[in-house]
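Below is one structure, written out as structure tokens; the observations come after it.
Chains as they are written, first to last, in this note's numbering: chain B, 37 to 332; chain W, 13 to 369.
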């Protein structure tokens with residue numbers, strides 16, 4: 037393999053990897069506050085892309101993206117309030133079926149609004165053929181946008197959880213919900229907030245990646261399962277590890293095209309998921325003892 | 013089987029016969045086509061009911077087993093072996109000598125050689141059982157979300173493999189699958205003349221399946237399964253080999269799905285990748301959930317109702333949306349299934365009270 041080809045694959049891997057990482061962080065935020073895996077996580081990414089594409093002809097691109105993120109955040113809040121907020125100690129099986137149902141509903145609504153067609157936002161800078169030379173490889177400027185925006189999301193999130201009172205309250209809820217409630221934190225509002233946060237970052241990721249990967253009504257399922265793979269790979273609930281795991285999976289997947297046919301790309305990343313579930317269900321960076329104490 | 017189950021089985025037979033006579037009397041025998049397909053889908057559902065309701069394990073990959081069964085049988089019975097025989101392939105010659113192959117003429121009058129549906133079906137079932145066994149051992153060690161995602165992942169892998177493999181017809185699927193002659197004169201195929209007999213074949217299979225499963229549930233195995241559902245740790249402590257029982261039930265229900273896939277592929281004369289899709293798996297899970305998880309008859313009733321309505325196209329382009337909505341509503345308001353709502357118990361109680369008065 038030549039150096040150019042290697043760099044080319046590497047950048048493709050990083051682009052996809054960082055998107056998976058953002059989806060995985062979305063999973064983690066909700067899992068941390070509720071113990072629920074939200075199977076509709078991928079649909080937030082699709083909604084962000086689709087809404088911004090529809091708004092784009094009416095207003096400047098940054099405004100369209102901002103509005104799309106806000107709308108998706110609202111949808112996230114609405115979903116939590118309507119379907120989840122009032123359930124008392126629901127079983128895991130029940131929550132799995134409910135969130136799968138929600139993902140189907142969102143997908144079907146999207147199908148009836150936007151149809152089966154593949155859509156995309158225009159490139160933020162330049163167009164399909166403009167490229168930047170990095171180490172001999174031709175990289176689209178959009179790739180830099182994706183990597184940049186996603187890195188900012190990750191950094192801001194970690195700052196949010198570390199330094200803001202609201203972030204600290206959410207962390208408190210994930211550490212011990214009862215104790216947090218006794219300290220005067222409204223745990224229910226924190227759950228709503230976690231749905232809004234993960235919907236918002238998913239939507240933003242959906243917008244920046246749309247020019248490269250295109251958006252279709254059913255693109256959420258694939259993203260969700262890969263995002264989950266990354267979340268498990270890094271250790272469920274650990275957002276920083278998810279970034280490393282995301283890059284790992286993205287790069288593995290990109291290089292797998294060199295060896296296996298493209299049609300098997302998804303099958304390969306899912307095989308990695310199965311493998312990691314069988315061998316190290318606590319993730320590459322998680323601790324086994326801590327994982328055994330958690331409820332799945 | 014409990015007395016109640018014998019009664020229910022008799023009712024099932026009566027209903028099946030009644031519907032056939034009714035369609036004949038009203039000259040609406042075209043309904044039988046969908047009812048036959050519904051029967052095969054019901055076979056998957058009762059199998060899944062064993063895993064979900066009794067062993068308490070979720071499987072979001074059952075369409076995968078359906079597809080493995082259907083596709084294996086379909087590929088074997090449509091793949092022309094003549095060139096291989098001419099090359100002197102030892103295996104093909106051996107099969108041919110044992111009478112396991114059928115040679116006929118195709119549309120253009122060329123000689124073609126296929127595997128006989130019987131050995132093809134048996135091979136498909138064995139293959140599915142082996143895959144379910146091998147997948148089941150590691151997968152069933154997982155719980156909750158991990159189990160759901162692992163089985164979902166398995167389903168997607170099967171879907172991708174089917175879509176990307178030439179023998180399985182890629183996106184087009186396999187068509188012109190020959191009929192499956194069970195005994196001389198009894199053939200599973202889509203001919204109009206065979207509609208009534210096929211309807212009875214499908215529903216006899218369902219009846220046999222239900223009786224087998226109910227016997228299993230009321231045996232030592234069934235009690236062990238319910239112990240696992242109640243508390244896996246406690247069952248383990250009492251000496252129940254939970255891992256083994258879970259894998260066994262998983263294999264049994266995979267075989268049910270495979271048999272359904274094989275028969276439906278021969279009945280329809282074709283099978284497409286949508287049969288392996290995630291939505292199919294989700295739909296099976298939804299129906300079992302609506303039926304009340306641990307209720308064979310509830311799942312069967314709901315499966316027949318919803319599958320028949322869906323196959324008749326009553327939900328139009330909102331097919332998947334209807335299933336999604338039903339899943340959410342049932343899980344929100346009636347997590348024990350539609351037939352286990354407190355309302356019904358109140359009604360039956362008030363009826364009993366009146367009789368006592």
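Glycine is no exception: its CB is placed at the ideal position from the N, C-alpha and C atoms.
Worksheet item: Can you tell me the Cα-Cα spacing of residue 113/W and residue 85/W, whole angstroms?
Response: Within the second chain, residue 113/W is the residue found at index 101, counting from 1. Within the second chain, residue 85/W is the residue found at index 73, counting from 1. Straight through space, the alpha carbons of residue 85/W and residue 113/W are spaced by roughly 13 Å.
Item to complete: Could you name the residues of the segment 120-137 of chain B whose beta carbon sits closer than 7 Å to any beta carbon of chain C, in the order they occur along the chain?
Response: Included in the structure are the protein chains B and W, with no chain C among them.
Practice prompt. Note down, in chain order, every chain B residue with its Cβ under 8 Å from the Cβ of residue 158/W.
Written response: Counted from its first residue, the second chain places residue 158/W at position 146. Chain B residues near residue 158/W: 268, 313, 317 and 332.
Worksheet item: When the Cα atoms are used, what is the spatial distance from residue 200/B to residue 206/B?
Response: Taking the first chain and counting its residues from 1, the one referred to as residue 200/B is at position 164. Taking the first chain and counting its residues from 1, the one referred to as residue 206/B is at position 170. Roughly 10 Å between the two C-alpha positions.
Worksheet item: Around the Cβ of residue 138/W, are there at least 16 other Cβ atoms within 10 angstroms (buried) or fewer (exposed)?
Response: The residue you call residue 138/W lines up with position 126 of the second chain. Counting of Cβ neighbours within 10 angstroms places residue 138/W among the exposed residues, the total staying below 16.
Fill in: residue 186/B in three-state terms, based on DSSP
Within the first chain, residue 186/B is the residue found at index 150, counting from 1. Residue 186/B: helix per DSSP, three-state reduction.
Worksheet entry | Integer-rounded CB distance, given that residue 243/B should sit under 8 Å from residue 90/B | Position 54 of the first chain, counted from the first residue, corresponds to residue 90/B. Position 207 of the first chain, counted from the first residue, corresponds to residue 243/B. Going by Cβ atoms, the distance from residue 90/B to residue 243/B rounds to 12 Å, so no, they are not a contact pair.
Discussion item. Would residue 56/B and residue 273/B qualify as a contact pair, given that the criterion is a beta-carbon distance under 8 Å?
Written reply: Position 20 of the first chain holds residue 56/B. Position 237 of the first chain holds residue 273/B. No Cβ-Cβ contact shorter than 8 Å links residue 56/B with residue 273/B.
Discussion item. Is there a Cβ of chain B sitting closer than 8 Å to that of residue 336/W, yes or no?
Written reply: For the purposes of this step, residue 336/W is taken as the residue at position 324 of the second chain. At least one chain B Cβ lies under 8 Å of residue 336/W.
Worksheet entry | Within-8 Å CB hit, residue 297/B to chain W | Along the first chain, one-based indexing puts residue 297/B at 261. At least one chain W Cβ lies under 8 Å of residue 297/B.
Item to complete: May I have the straight-line CA-CA distance separating residue 308/W from residue 48/W, to the nearest angstrom?
Response: Here residue 308/W corresponds to residue number 296 of the second chain, with the count starting at 1. Here residue 48/W corresponds to residue number 36 of the second chain, with the count starting at 1. Going from the Cα of residue 308/W to the Cα of residue 48/W covers about 19 Å.
Worksheet item: Using a Cβ cut-off of 8 Å, which residues of the segment 160-192 of chain W contact any Cβ in chain B, in chain order?
Response: The residues in question are 160, 161, 162, 164, 165, 166, 168, 169, 172, 173, 175 and 176.
Worksheet entry | Cβ neighbours of residue 275/B in the same chain (closer than 6 Å, five flanking residues each side left out) | Walking along the first chain from the start, residue 275/B turns up at place 239. Answer for residue 275/B: 61 and 64, listed in chain order.
Fill in: Continuous beta strand (DSSP E) stretch holding residue 230/W: start and end
Locating residue 230/W in the second chain gives position 218, where the first residue counts as 1. Where residue 230/W is concerned, there is no enclosing beta strand (DSSP E), given that its DSSP letter is neither H nor E.
Discussion item. So for residue 124/B, helix, strand or coil by DSSP?
Written reply: In the first chain, counting from the first residue as 1, residue 124/B sits at position 88. Of the three classes helix, strand and coil, the one that applies to residue 124/B here is coil, per DSSP.
Worksheet entry | chain B contacts from the segment 281-296 of chain W (Cβ-Cβ distance under 8 Å) | Residues 290, 291 and 294.
Fill in: chain B contacts made by the segment 316-335 of chain W, where a contact means CB separation under 8 Å
Answer in chain order: 329, 330, 332, 333 and 335.
Discussion item. So that I know if they touch, is there some Cβ in chain W lying closer than 8 Å to that of residue 239/B?
Written reply: The sequence position of residue 239/B within the first chain is 203, counting from 1. No, residue 239/B does not count as interfacial toward chain W.
Worksheet item: Tell me which same chain residues have a C-beta within less than 6 Å of the C-beta of residue 92/W, skipping the five on either side of it?
Response: Indexing the second chain from 1 puts residue 92/W at position 80. The beta carbon of residue 92/W is closer than 6 Å to those of 124 in its chain, skipping five residues each way along the sequence.
Worksheet item: Assuming residue 171/W and residue 347/W make a contact with CB atoms under 8 Å, what is their CB distance in whole Å?
Response: The sequence position of residue 171/W within the second chain is 159, counting from 1. The sequence position of residue 347/W within the second chain is 335, counting from 1. So it is not a contact: roughly 29 Å between Cβ atoms.
Discussion item. Within 8 Å of any Cβ in chain W, is that where the Cβ of residue 144/B sits?
Written reply: On the first chain, position 108 is the one that residue 144/B refers to. At least one chain W Cβ lies under 8 Å of residue 144/B.
Discussion item. Rounded to the nearest angstrom, what separates residue 47/B and residue 130/B at their Cα positions?
Written reply: Numbered from its first residue, the first chain carries residue 47/B at position 11. Numbered from its first residue, the first chain carries residue 130/B at position 94. The straight-line gap from Cα to Cα measures roughly 40 Å.
Practice prompt. Determine the burial state of residue 32/W: buried for a count of at least 16 other Cβ atoms within 10 Å of its Cβ, exposed for fewer.
Written response: What you label residue 32/W is simply residue 20 of the second chain in a count that begins at 1. Around the beta carbon of residue 32/W, 16 or more other beta carbons lie within 10 angstroms, which makes this residue buried.
Item to complete: Output, in chain order, the set of chain W residues within a Cβ distance shorter than 8 Å of residue 141/B.
Response: For the purposes of this step, residue 141/B is taken as the residue at position 105 of the first chain. By Cβ distance, chain W contributes 333, 336, 337 and 340.
Worksheet item: residue 164/B: buried (16+ other C-beta within 10 angstroms of its C-beta) or exposed?
Response: On the first chain, residue 164/B is found 128 positions in, with the first residue counted as 1. Exposed is the call here.
Fill in: Residues, ordered as in the chain, of the segment 127-155 of chain W that lie near chain B by beta-carbon distance below 7 Å
Within the segment 127-155 of chain W, the residues whose Cβ lies closer than 7 Å to some Cβ of chain B are 150, 154 and 155, listed in chain order.
Item to complete: Starting from residue 332/W, follow the beta strand (DSSP E) in both directions and report where the run begins and ends.
Response: Residue 332/W sits at position 320 when you count from the first residue of the second chain. Premise fails: residue 332/W lies in the alpha helix (DSSP H), 331-345, not in any beta strand (DSSP E).
Worksheet entry | Residues near residue 209/B in its chain [Cβ-Cβ closer than 6 Å; skip 5 each side] | Here residue 209/B refers to the residue found at position 173 when the first chain is read from its first residue. Same-chain partners within the cutoff: 69, 216, 223 and 226.
Item to complete: Check whether the segment 73-81 of chain B touches the segment 131-143 of chain B, counting contact only when three or more Cβ pairs, one atom from each stretch, lie closer than 8 Å.
Response: These segments touch.
Worksheet item: Taking 7 Å as the cut-off, does the CB of residue 253/W come closer than this to any heavy atom belonging to the ligand HEM?
Response: The ligand HEM is absent from the structure shown, which contains no ligands of any kind.
Worksheet item: Name the chain W residues that come within less than 7 Å of residue 73/B, Cβ to Cβ?
Response: Taking the first residue of the first chain as 1, we reach residue 73/B at position 37. What residue 73/B touches in chain W: 157.
Practice prompt. Report buried or exposed for residue 315/B, applying the criterion of at least 16 other Cβ atoms within 10 angstroms of its Cβ.
Written response: As a first step, residue 315/B must be located in the first chain, where it is residue number 279. By the neighbour-count rule (16 or more Cβ atoms within 10 Å), residue 315/B is not buried but exposed.
Worksheet item: Thinking C-alpha only, which one of 232/B, 263/B, 301/B and 249/B is nearest residue 107/B?
Response: Working through the first chain from its first residue, we reach residue 107/B at position 71. Closest in C-alpha terms to residue 107/B, from the list 232/B, 263/B, 301/B and 249/B, comes 232/B.
Discussion item. I'd like to know if residue 65/B contacts chain W, where contact means its C-beta is closer than 8 Å to some C-beta of that chain.
Written reply: For the purposes of this step, residue 65/B is taken as the residue at position 29 of the first chain. Cβ-Cβ to chain W under 8 Å: no for residue 65/B.
Worksheet entry | Proximity to residue 395/W [Cα-Cα], best of 127/W, 143/W, 99/W and 361/W | Beyond the ends of chain W as shown, which are 13 and 369, falls residue 395/W; an answer cannot be given.
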